[in-house]
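Residue numbers (my numbering): 1 to 262.
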(Lines of atoms letter the chains of each structure in order from A; the text may use other names.)
(Lines give C-alpha, C1' and ligand atoms only; values in the text may rest on other atoms or scores of the structure.)
Protein backbone atom coordinates (compact mmCIF):
# COMPACT_ATOMS: atom_id res chain seq x y z
CA UNK A 1 0.00 0.00 0.00
CA UNK A 2 1.28 3.46 -0.91
CA UNK A 3 0.61 6.06 1.79
CA UNK A 4 0.88 9.79 1.38
CA UNK A 5 0.41 12.70 3.74
CA UNK A 6 -2.20 15.14 2.52
CA UNK A 7 -0.50 17.96 4.41
CA UNK A 8 2.29 18.05 1.85
CA UNK A 9 -0.11 18.79 -1.01
CA UNK A 10 -1.68 22.13 -1.81
CA UNK A 11 -5.02 20.64 -2.78
CA UNK A 12 -6.78 17.69 -4.42
CA UNK A 13 -5.41 18.54 -7.87
CA UNK A 14 -1.89 18.52 -6.45
CA UNK A 15 -2.40 15.07 -4.93
CA UNK A 16 -4.00 13.73 -8.09
CA UNK A 17 -1.19 15.08 -10.27
CA UNK A 18 1.36 13.52 -7.91
CA UNK A 19 -0.28 10.10 -8.25
CA UNK A 20 -0.44 10.44 -12.04
CA UNK A 21 3.25 11.38 -12.24
CA UNK A 22 4.30 8.55 -9.92
CA UNK A 23 2.32 5.98 -11.92
CA UNK A 24 3.68 7.41 -15.21
CA UNK A 25 0.31 7.44 -16.93
CA UNK A 26 -1.22 10.05 -19.18
CA UNK A 27 -3.68 12.46 -17.67
CA UNK A 28 -6.38 11.29 -20.10
CA UNK A 29 -5.96 7.66 -18.90
CA UNK A 30 -6.55 8.24 -15.19
CA UNK A 31 -10.07 6.81 -15.26
CA UNK A 32 -8.92 3.38 -16.53
CA UNK A 33 -5.91 3.15 -14.21
CA UNK A 34 -5.48 2.58 -10.49
CA UNK A 35 -5.22 6.30 -9.76
CA UNK A 36 -8.76 6.50 -8.40
CA UNK A 37 -8.16 3.62 -5.97
CA UNK A 38 -4.88 5.15 -4.84
CA UNK A 39 -6.56 8.50 -4.29
CA UNK A 40 -9.32 6.92 -2.18
CA UNK A 41 -6.74 4.90 -0.25
CA UNK A 42 -4.87 8.11 0.51
CA UNK A 43 -8.06 9.60 1.88
CA UNK A 44 -8.68 6.56 4.06
CA UNK A 45 -5.21 6.68 5.58
CA UNK A 46 -5.74 10.15 7.03
CA UNK A 47 -6.42 10.23 10.77
CA UNK A 48 -6.97 13.92 11.30
CA UNK A 49 -7.93 16.54 8.74
CA UNK A 50 -9.63 19.89 9.19
CA UNK A 51 -13.04 20.30 7.64
CA UNK A 52 -12.06 22.93 5.05
CA UNK A 53 -9.26 20.79 3.66
CA UNK A 54 -11.27 17.58 3.93
CA UNK A 55 -14.16 19.04 1.93
CA UNK A 56 -11.90 19.80 -1.02
CA UNK A 57 -10.37 16.32 -1.10
CA UNK A 58 -13.72 14.60 -0.53
CA UNK A 59 -15.30 16.57 -3.37
CA UNK A 60 -12.57 15.38 -5.72
CA UNK A 61 -12.99 11.80 -4.46
CA UNK A 62 -16.72 11.95 -5.16
CA UNK A 63 -16.04 13.31 -8.65
CA UNK A 64 -13.61 10.48 -9.39
CA UNK A 65 -16.06 7.85 -8.15
CA UNK A 66 -18.87 9.29 -10.24
CA UNK A 67 -16.76 9.39 -13.39
CA UNK A 68 -15.43 5.86 -12.89
CA UNK A 69 -18.87 4.43 -12.12
CA UNK A 70 -20.26 6.00 -15.27
CA UNK A 71 -17.42 4.46 -17.24
CA UNK A 72 -18.01 0.97 -15.77
CA UNK A 73 -21.81 0.84 -15.89
CA UNK A 74 -23.49 0.66 -19.31
CA UNK A 75 -25.85 3.52 -19.87
CA UNK A 76 -27.23 5.34 -22.91
CA UNK A 77 -25.27 8.41 -23.90
CA UNK A 78 -26.73 11.61 -22.53
CA UNK A 79 -27.26 14.41 -25.03
CA UNK A 80 -25.03 17.40 -24.36
CA UNK A 81 -25.27 20.87 -25.76
CA UNK A 82 -22.63 22.11 -28.14
CA UNK A 83 -19.61 23.43 -26.27
CA UNK A 84 -20.69 21.88 -22.96
CA UNK A 85 -18.00 19.85 -21.22
CA UNK A 86 -18.54 16.50 -19.59
CA UNK A 87 -17.25 15.99 -16.03
CA UNK A 88 -14.38 13.94 -17.47
CA UNK A 89 -13.36 16.71 -19.85
CA UNK A 90 -13.62 19.33 -17.11
CA UNK A 91 -11.38 17.37 -14.75
CA UNK A 92 -8.82 16.62 -17.46
CA UNK A 93 -8.72 20.28 -18.49
CA UNK A 94 -8.23 21.39 -14.88
CA UNK A 95 -5.44 18.85 -14.40
CA UNK A 96 -3.65 19.95 -17.57
CA UNK A 97 -3.91 23.61 -16.58
CA UNK A 98 -2.70 22.86 -13.05
CA UNK A 99 0.24 20.85 -14.40
CA UNK A 100 1.21 23.76 -16.66
CA UNK A 101 1.14 26.27 -13.80
CA UNK A 102 2.99 23.91 -11.46
CA UNK A 103 5.80 23.39 -13.99
CA UNK A 104 6.02 27.14 -14.61
CA UNK A 105 6.19 27.80 -10.87
CA UNK A 106 9.02 25.27 -10.59
CA UNK A 107 11.01 27.02 -13.30
CA UNK A 108 10.41 30.40 -11.68
CA UNK A 109 11.66 28.94 -8.39
CA UNK A 110 14.87 27.86 -10.14
CA UNK A 111 15.29 31.37 -11.56
CA UNK A 112 14.77 32.82 -8.08
CA UNK A 113 17.39 30.53 -6.56
CA UNK A 114 19.86 31.42 -9.33
CA UNK A 115 19.20 35.13 -8.84
CA UNK A 116 19.86 34.78 -5.11
CA UNK A 117 23.45 33.81 -5.95
CA UNK A 118 24.02 37.12 -7.73
CA UNK A 119 24.93 40.19 -5.73
CA UNK A 120 24.66 43.51 -7.50
CA UNK A 121 25.93 46.86 -6.40
CA UNK A 122 23.99 50.00 -7.07
CA UNK A 123 25.91 52.77 -8.81
CA UNK A 124 27.28 55.46 -6.58
CA UNK A 125 27.46 59.10 -7.46
CA UNK A 126 30.76 60.86 -7.11
CA UNK A 127 29.98 64.55 -7.57
CA UNK A 128 32.89 66.47 -8.98
CA UNK A 129 33.60 69.98 -7.85
CA UNK A 130 32.52 72.65 -10.34
CA UNK A 131 35.24 73.20 -12.90
CA UNK A 132 35.29 76.50 -14.77
CA UNK A 133 35.57 76.15 -18.54
CA UNK A 134 38.07 78.56 -20.00
CA UNK A 135 37.32 79.31 -23.63
CA UNK A 136 40.70 80.72 -24.51
CA UNK A 137 42.24 80.85 -27.93
CA UNK A 138 38.91 81.10 -29.72
CA UNK A 139 38.27 83.22 -32.74
CA UNK A 140 35.25 84.04 -34.85
CA UNK A 141 36.73 82.19 -37.84
CA UNK A 142 37.30 79.07 -35.73
CA UNK A 143 33.72 79.08 -34.49
CA UNK A 144 32.42 79.50 -38.03
CA UNK A 145 34.51 76.55 -39.26
CA UNK A 146 33.27 74.40 -36.37
CA UNK A 147 29.65 75.30 -37.19
CA UNK A 148 30.22 74.48 -40.86
CA UNK A 149 31.58 71.04 -39.95
CA UNK A 150 28.54 70.34 -37.75
CA UNK A 151 26.09 71.43 -40.46
CA UNK A 152 27.92 69.41 -43.11
CA UNK A 153 27.81 66.29 -40.97
CA UNK A 154 24.11 66.80 -40.23
CA UNK A 155 23.39 67.23 -43.94
CA UNK A 156 25.15 63.95 -44.74
CA UNK A 157 23.13 62.11 -42.11
CA UNK A 158 19.86 63.45 -43.57
CA UNK A 159 20.66 62.54 -47.18
CA UNK A 160 18.21 60.04 -48.75
CA UNK A 161 19.56 56.54 -48.92
CA UNK A 162 21.83 57.08 -45.92
CA UNK A 163 19.19 56.58 -43.26
CA UNK A 164 19.92 52.86 -43.03
CA UNK A 165 23.46 51.58 -42.86
CA UNK A 166 24.73 48.05 -42.53
CA UNK A 167 26.72 47.39 -39.38
CA UNK A 168 29.98 45.80 -40.40
CA UNK A 169 33.00 44.61 -38.54
CA UNK A 170 35.52 47.28 -37.54
CA UNK A 171 37.81 48.05 -40.47
CA UNK A 172 40.36 49.95 -38.41
CA UNK A 173 42.65 48.67 -35.70
CA UNK A 174 45.04 50.73 -33.62
CA UNK A 175 47.99 48.68 -34.90
CA UNK A 176 47.08 49.37 -38.53
CA UNK A 177 46.53 53.07 -37.82
CA UNK A 178 49.95 53.25 -36.11
CA UNK A 179 51.52 51.75 -39.21
CA UNK A 180 49.66 54.12 -41.57
CA UNK A 181 50.49 57.18 -39.48
CA UNK A 182 54.16 56.26 -39.09
CA UNK A 183 54.46 55.64 -42.83
CA UNK A 184 52.81 58.95 -43.68
CA UNK A 185 55.08 60.91 -41.31
CA UNK A 186 58.11 59.74 -43.27
CA UNK A 187 56.93 62.10 -46.02
CA UNK A 188 56.54 65.07 -43.66
CA UNK A 189 53.93 66.75 -41.44
CA UNK A 190 50.28 65.90 -41.93
CA UNK A 191 46.97 67.15 -40.58
CA UNK A 192 44.96 64.74 -38.47
CA UNK A 193 41.89 65.05 -40.69
CA UNK A 194 43.99 64.19 -43.76
CA UNK A 195 44.56 60.73 -42.31
CA UNK A 196 40.84 60.04 -42.30
CA UNK A 197 38.89 58.59 -45.20
CA UNK A 198 36.05 60.33 -46.99
CA UNK A 199 33.42 58.12 -45.35
CA UNK A 200 34.79 58.74 -41.88
CA UNK A 201 33.33 56.86 -38.94
CA UNK A 202 33.65 57.29 -35.22
CA UNK A 203 35.66 54.08 -35.02
CA UNK A 204 38.18 55.43 -37.52
CA UNK A 205 38.58 58.73 -35.65
CA UNK A 206 39.09 56.99 -32.31
CA UNK A 207 41.55 54.47 -33.77
CA UNK A 208 43.72 57.15 -35.39
CA UNK A 209 43.59 59.30 -32.26
CA UNK A 210 44.76 56.37 -30.12
CA UNK A 211 47.50 55.65 -32.67
CA UNK A 212 48.63 59.28 -32.48
CA UNK A 213 48.81 59.08 -28.68
CA UNK A 214 50.81 55.85 -28.87
CA UNK A 215 53.40 57.34 -31.24
CA UNK A 216 53.45 60.51 -29.16
CA UNK A 217 54.31 58.45 -26.08
CA UNK A 218 57.12 56.72 -27.98
CA UNK A 219 58.50 60.05 -29.15
CA UNK A 220 57.80 59.26 -32.78
CA UNK A 221 55.78 62.42 -33.44
CA UNK A 222 54.81 65.88 -32.17
CA UNK A 223 51.29 67.32 -32.20
CA UNK A 224 50.36 70.98 -32.46
CA UNK A 225 47.00 72.73 -32.21
CA UNK A 226 46.86 76.50 -32.35
CA UNK A 227 43.30 76.95 -31.08
CA UNK A 228 40.61 74.85 -29.45
CA UNK A 229 38.69 72.71 -31.98
CA UNK A 230 41.28 73.44 -34.68
CA UNK A 231 42.77 70.64 -36.71
CA UNK A 232 45.80 68.89 -35.20
CA UNK A 233 49.11 69.21 -37.02
CA UNK A 234 51.20 66.05 -36.67
CA UNK A 235 54.98 66.32 -37.19
CA UNK A 236 57.68 63.64 -37.14
CA UNK A 237 59.21 63.12 -33.70
CA UNK A 238 62.84 63.63 -32.78
CA UNK A 239 63.50 59.89 -32.77
CA UNK A 240 62.47 59.56 -36.40
CA UNK A 241 64.42 62.69 -37.36
CA UNK A 242 67.66 61.60 -35.64
CA UNK A 243 67.34 57.95 -36.62
CA UNK A 244 68.48 56.69 -33.19
CA UNK A 245 66.88 55.59 -29.96
CA UNK A 246 64.29 53.44 -31.72
CA UNK A 247 61.97 51.73 -29.25
CA UNK A 248 62.35 48.02 -28.68
CA UNK A 249 58.85 47.30 -30.02
CA UNK A 250 59.21 49.38 -33.19
CA UNK A 251 58.18 46.43 -35.30
CA UNK A 252 54.86 46.29 -33.46
CA UNK A 253 54.43 50.06 -33.81
CA UNK A 254 55.17 49.89 -37.56
CA UNK A 255 52.62 47.15 -38.04
CA UNK A 256 55.18 44.37 -38.67
CA UNK A 257 54.37 41.01 -37.02
CA UNK A 258 56.67 39.94 -34.19
CA UNK A 259 57.83 36.42 -33.36
CA UNK A 260 55.00 36.09 -30.86
CA UNK A 261 52.47 37.06 -33.54
CA UNK A 262 53.80 34.49 -35.97
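By construction, the Cβ of each residue, glycine as well, lies at the ideal position given by its N, Cα and C atoms.
{"Check": "Under 9 Å between C-beta atoms of residue 174 and residue 210", "Outcome": "yes"}
{"Check": "Rounded straight-line distance, which links the Cα of residue 218 to that of residue 143", "Outcome": "33 Å"}
{"Check": "Every unbroken beta strand (DSSP E) within the region 201-232, with a cutoff of 3 residues, ordered by chain", "Outcome": "221-224"}
{"Check": "Nearest candidate by alpha-carbon position, reference residue 180, set 202, 212, 149", "Outcome": "212"}
{"Check": "Pairwise C-alpha distance: residue 222 and residue 147", "Outcome": "27 Å"}
{"Check": "Classification of residue 178 by the beta-carbon crowding that lies within 10 angstroms, buried from 16 upward", "Outcome": "buried"}
{"Check": "DSSP three-state assignment for residue 129, whether helix, strand or coil", "Outcome": "coil"}
{"Check": "The region 202-209 / the region 106-114 touching (three or more Cβ pairs under 8 Å)", "Outcome": "no"}
{"Check": "Sequence-distant residues of its chain with Cβ nearer than 8 Å to residue 107 (five each side left out)", "Outcome": "none"}
{"Check": "Among 126, 63, 136, 92, nearest to residue 226 - alpha-carbon criterion", "Outcome": "136"}
{"Check": "Test item: CB-CB of residue 87 and residue 63 under 9 Å", "Outcome": "yes"}
{"Check": "Residue 236 - DSSP class collapsed to helix/strand/coil", "Outcome": "strand"}
{"Check": "Beta-carbon separation (whole angstroms), residue 172 vs residue 231, contact threshold 8 Å", "Outcome": "Rounded, the Cβ-Cβ distance is 19 Å, inconsistent with contact."}
{"Check": "Separation of residue 229 from residue 145, as counted between CA atoms", "Outcome": "9 Å"}
{"Check": "C-alpha gap between residue 121 and residue 128, whole angstroms", "Outcome": "21 Å"}
{"Check": "Proximity below 9 Å, CB of residue 220 to CB of residue 185", "Outcome": "yes"}
{"Check": "Residue 189, enclosing alpha helix (DSSP H) - first and last residue", "Outcome": "It is not in any alpha helix (DSSP H) - residue 189 carries neither H nor E in the DSSP assignment."}
{"Check": "Cβ-based neighbour list, residue 208, same chain, cut-off 6 Å, excluding 5 preceding and 5 following", "Outcome": "177, 195"}
{"Check": "With 16 other Cβ atoms within 10 Å as the buried cut-off, status of residue 188", "Outcome": "exposed"}
{"Check": "Buried versus exposed, by CB contacts within 10 Å (16 or more), residue 182", "Outcome": "buried"}
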